[in-house]
Amino acid sequence: MMRLPEFRYCAARSIEEAAAVLAESPADTMLLAGGTDVLPNMKRRQQVPRTVVGLRGIPALGAQHNGNGLVLGAGVTLTHIVRDPNIRAHYPGLWQAAAQIATPHLRNMGTIGGNLCLDTRCTYYDQNYEWRKAIDFCLKKDGAVCWVATSSPRCLAVSSTDTAPALIALRARVRLVSANSVREVDVTDLYQNDGIQYSVRRADEILTEIALPPSDGWRSTYWKLRRRGSFDFPVLSVAGAVRLDPSGGVTDARIVLGAVASRPMEAREAASTLVGRPLSDEAIAEAAEQAFAVAKPMDNTDFTLHWRKRVSRAFVTYALRELRGDDMRDERVKTARQAMG
Amino acid sequence: MPEGRVIGIPRRRVDGRAKVTGQTRFADDLAFPRMAYCRLLRSPHPHARIVRIDTTRAAEHPGVLLVLTGDDFPIPYGILPVSQDEHALCRDKVRFVGDPVAAVVARDELAAIEAVDLIEVEYERLRTIADPIESLEHPEPRIHEYGDEGNIHKKVSLAFGDVEQALGEADQVFEDTFFYQGNTHLPIEQHAAVGLKDPDGKLVLYSSTQTPHYVHRALAKALEMPAAHIRVVATPNGGGFGGKSDPFNHEVVVAKAALLLDRPVKISLTREEVFYCHRGRHPVLMKFRTGVKKDGTITGVHLQTLLDGGAYGSYGVASTFYTGALQTVTYHIPAYHFQGCRAFTNKPPCGPKRGHGTPQSRFGQEVQLDKIADALSLDPADLRLRIVEHPDTLTANYLRVGTIGLAECINRVTVAANWKARFRKLPRGRGLGLACSSYLSGAGLPIYWNDMPHSGVQLKLDRSGGVTAFCGATEIGQGSDDVLVGCIAEILGIDPFDIRAVTGDTDLTPVDLGSYSSRVTLMMGNAAIQAAERARDILAQAVSRKLDVPAARLVFADRRVFDAEDPARGVSFQDAVCLAETAFGTLGTTGSYTPPKSAAKFKGGGVGPSPTYSYTAAIVEVDVDETTGWVTVPRVWIAHDIGRALNPTLVRGQVEGSVYMGLGEALMEEQAFRRLPARLSSALVHKFPSLLEYKSPTSLDMPEVFTELVENPDPAGPFGAKEVGQGPLLPIMPALANAVYDAVGVRIDEVPITPDKIVKALDAAREGKPARYGPASFPTVPWPEPLQVPPPWAGGDGHATNEPPRKSRRAARTADQPETVVRT
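Chains P and D are the protein sequences, given in the same order. Just remember that our numbering sits 60 ahead of the position in the first sequence, which is counted from 1. Just remember that our numbering sits 3 ahead of the position in the second sequence, which is counted from 1.
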């Protein structure tokens, strides 16, 4: 059986209390919301914090407010998001992303904030201590070499969060709170393309809430490539959002690729290609080609990297066709094993 | 077929309630007072000499009770008498990443985990052999000091008739090379074991094992104890599929530790460690040369297989023979030449997984038949119907086939799938594929040579009216306890829930060889019938005296024993037992089963014989996206020749479970390894030893499955039953490959069939290259002179004509080295 290492557990009752504990020794303290990422990582000794601050007992983190848009506490579970008819109706991209995360059991535990803070993943890193010892460890943890590309100066672990691309496409912002500061950043600015320093969140900060702007005519979608209809992290994902004028012309568009780098990648050129024209097959094909250039998967997830890159065209096409209004349920059932509609 | 009151009726299995309510006690659920916990230190190197082990710091770690190393385990063991190549902890060298080197026993598991990391081992690295091609190219350094030569573990060559002449007489000869990737069993229960010392000093081992009898023998040997002082209890297995059929190092370690410490010692393997236990599907490269006439009839087959054995022998010699054993059982093959070679490599050992050695070559044979049908413009179903082997036949390789329901299976699935109207007629991107198979209903010979029964059943009946059935068979989720009591209940006219099953306990139960080779239903079932009939006869005698009715007229049904001519005249079952106990004293009966003698008399002929064979046909429907290569399976139709379904609920469960496992092998499962750049590292590691990243289908990925059971009772089986645990897996992988061809016109001659391979084959087709993805060639193997065994129709008697005279079995047998069934 895999066992957790010993650690001190602090069940915080408020954000302030959690932030205060975190401030004591940020480098060897970790936050625990649903625990679906942190606890397995601790069992594998990828992370061995001396203190774990439990966030589940903080009521504010489970709150949800409507108003000018939607504000979700970071502790809102993924199951809650999947079951919320309002989110499903107004932010389908977020709903589709949440509904395709892991399994029902893991969604019951996992939170939206936890998914945004998800550790980057890599086949050389997400392994037991003994396995990592057999490859003499890797750059991300205890080693000197990135085995994905041995000449790489940086860690190439993959951003594997499903909700981040969806929230970036929706231009959501997050609030980061520490013992002595509060700041808000766009979700897109939360990340950087480094497998180790993948987040700008400081070790003493807590991601407390996610604010979505009003849906305001935005259509959104999320497509995920994974081996099976359940359980798996993305190995490619496409989040898209468009606004159309009454004649069907695109006035605004966003395309974000997930799981092709250490952070979600916006395909800005692909999105701007669409603006000012209807979502015709030609426009979609052009955008797909431009997004294809952005996708730079590495050989550190399931499936071969060449194939993952190749099918990014198809997945961008699926996403844009769904935004156009095509009935994509057949494609959904084939790729996701569920209609997602 | 006579309607049974229990047999043939879909029933809730007797162990079902405990399982669905979480009350079944698996090995990991066991806890005993003063129990300590064991962890193993495993090698981080794929191939290295052990120079020095320093356990000082580990031994001093708080809570540590005992540290063991290879010095504590001088005696080797192994499942086959010819492959006694394992030590519980490595002594001289390590042979794969995960090979156990030392063990720590501590008061709690965390202390053991911490202490394991304090053991210092100095290694001298050796050249690593990563695949069989390297094994052939590099005889040195040898992974083992035994085997046929260099890093070749076993080579075989069996010629049944003159194949070259037969191919010469063919209208066309088809030559195809295939690769079948290795995969693992993935039982949901990780292996666990508890060793303890009985108060009287005897050893007890509880373990999630499919083969308590063989573990019993291995412990007696490895620990140098009389077998009579060892008790092995097989806890219900949370799935086995062949992965719990070997004696394992962790079992030997906790047994030894319990004896030394005189307290219970438990080990619960992690999922990663289960991947290192492995014994799963061998990766097999194979080449088929098949000669056919214009009408599709086969003139001869020449099959070559190259198996990647991993680091130890395990069942590998048998696996090697199995890759060539059953080709002849499905279709009539007048001349057959089989050459097989198993190589040692520095990876976890391969062994028996559901279908043991046969799915790989079944894949090749069934895909090649699809190609043959295509080339000859024949319908693949019609082709197979034309060449199905005849019932009651002795095949070219001397396998005695009884009933064959294969033609009926083919007819059933083709009707159910509307094959004639849909095959080759679906829109591009959608396709149907057909494949067939057969499998043993139990291996005809035991693992170690002996003439004793393969299965024994004892019944205890007493005045309470209670019946207890004792049998060494092991419940691994397949429902063997239910089959045991079902057979007895049918004969004694009581309900299965009236009977208590005590199984898989070497102290309490008579020997059954174990839950492997699809042998339990047939062998235990026949033994149970014999024991139950003997009990019924005793009760009938007593009731006959009491009622003054001839015993032959008595009927056992509805928990009563009564006169067939006057059903009101009778006694309750309990009264019948009391009458018998009064008349004859304490009641008990036994039954046993020994398979019929094999017709094969040549060396190697021990692998393949079975009392009877099951048959299966399956049609898989696929949807293939030509842009991405993505495969979706909406439907599977499968018909299985079960002989007789004892409990149709269990049978359908096995069929559907086989479809599930088969689709996993066909589409995604890979026991794959990663070698790091040689200039930086000598690592050779399992790519993803985890339940998350080793991809196996989820319930969402399952298609609709339409199951047809073909029932034509076989005289060899209990109530006519054949096996169902393994056979239905076999046609799924080739049927899927054939369906992909029907859908998009490309051949994927390799398993798993992944979307990137389909895309590559489609690209090749567009570039005018062969529309195929698969291995290009078969390497040169230094094959031995073939054993020449003339087929029955060529005047053969089952002996090889060029075999050097062998010592008689009994003369060759010694206590330590009993002769193996494969007689190498």
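The beta-carbon is built from N, C-alpha and C at its ideal position, and this holds for glycine as well.
Between P/M61 and chain D, the shortest Cβ-Cβ separation is below 8 Å. Around the beta carbon of D/L703, fewer than 16 other beta carbons sit within 10 angstroms, so the residue counts as exposed. Of all alpha-carbon atoms in D/C581, D/V580, D/F559, the one lying nearest the alpha-carbon of D/A571 is that of D/F559. Of all residues in the stretch 95–114 of chain D, only V100, E112, L113 come within less than 7 Å of chain P when Cβ atoms are compared, listed by chain position. For D/Y325, the enclosing alpha helix (DSSP H) begins and ends at 319–325. Taking 8 Å as the cut-off, the beta carbon of P/C177 is found no closer than this to the beta carbon of P/K200. Assigned with DSSP and collapsed to three states, D/E227 falls in coil, not helix or strand.
Minimum Cα-Cα distance from D/H689 among the listed residues D/D102, D/P202, D/A621 corresponds to D/D102. Listed in chain order, the alpha helix (DSSP H) runs fully inside the stretch 567–624 of chain D are 576–587, counting runs of at least 4 residues. Contact annotation: D/V623 and D/L712 have beta-carbon atoms that are not nearer than 8 Å. In the displayed model, P/R192 falls within a helix according to three-state DSSP.
Among the residues of the stretch 349–370 of chain P, those with a Cβ less than 8 Å away from any Cβ of chain D are D362, F363, T364, H366, W367, R370, in the order of the chain.
Residue pairing for D/A39: DSSP places it in a beta bridge opposite D/V268.
The Cβ neighbour count for D/W786, taken over all protein chains shown within 10 Å, is under 16; the residue is labelled exposed. Sequence-ordered contacts of the stretch 176–209 of chain P with chain D read T183, N188, E190, W191, K193, A194, I195, D196, V205, W207 [C-beta pairs closer than 7 Å]. In the three-state scheme derived from DSSP, where H, G and I count as helix and E and B as strand, D/G343 is classed as strand. Annotated three-state conformation of P/V302 is strand, per DSSP.
Look at P/G117 here: in three-state DSSP terms it is coil, with no helix or strand label.
Straight-line spacing of the CA atoms in D/L557 and D/G25 works out to 41 Å. A distance below 6 Å between beta-carbons, with the five flanking residues on each side excluded, links D/E123 to the following residues of its chain, in chain order: D57. Within chain D, the residues M671, K698 have their CB atoms less than 7 Å from the CB of P/R287, given in chain order. Residue ranges of uninterrupted alpha helix (DSSP H) with 4 or more members, entirely inside the stretch 52–106 of chain D and ordered along the chain, are 59–63. Non-local beta-carbon contacts of D/L264 in its own chain, meaning distances under 7 Å to residues more than five positions away in sequence, involve A39, L68, L69, V108 in chain order. The C-beta of D/S210 comes no closer than 8 Å to any C-beta of chain P. With respect to the 8 Å criterion, D/V54 and D/E127 are classified as neighbours on the basis of their beta carbons. Nearest C-alpha to D/F781 among D/H48, D/P135, D/A231, D/S46: D/P135. Note that the stretch 199–208 of chain D does not touch the stretch 271–281 of chain D; fewer than 3 beta-carbon pairs, one per stretch, sit closer than 8 Å.
Under the three-state reduction of DSSP output, P/A209 falls in the coil class, being neither helix nor strand. Measuring C-alpha to C-alpha distances from D/Q533 to each of D/S483, D/D501, D/G591 identifies D/G591 as the nearest.
Between the stretch 759–779 of chain D and the stretch 624–635 of chain D there are three or more inter-stretch CB-CB distances shorter than 8 Å, so the stretches are counted as touching.
Counting only runs of at least 4 residues, the stretch 155–229 of chain D fully encloses the following alpha helix (DSSP H) elements, listed from N- to C-terminal order: 166–171, 215–225. For D/R431, not one C-beta of chain P is nearer than 8 Å to its own C-beta. Taking 8 Å as the cut-off, the beta carbon of P/V113 is found closer than this to the beta carbon of P/A78.
In this model, D/N453 and D/P250 are separated by some 19 Å (Cα to Cα). By the neighbour-count definition (other C-beta atoms within 10 Å, threshold 16), D/E392 is a buried residue.
Taking D/G611 as the centre and dropping the five residues before and after it, the same chain places the C-beta of A328, L402 closer than 6 Å to its C-beta, in chain order.
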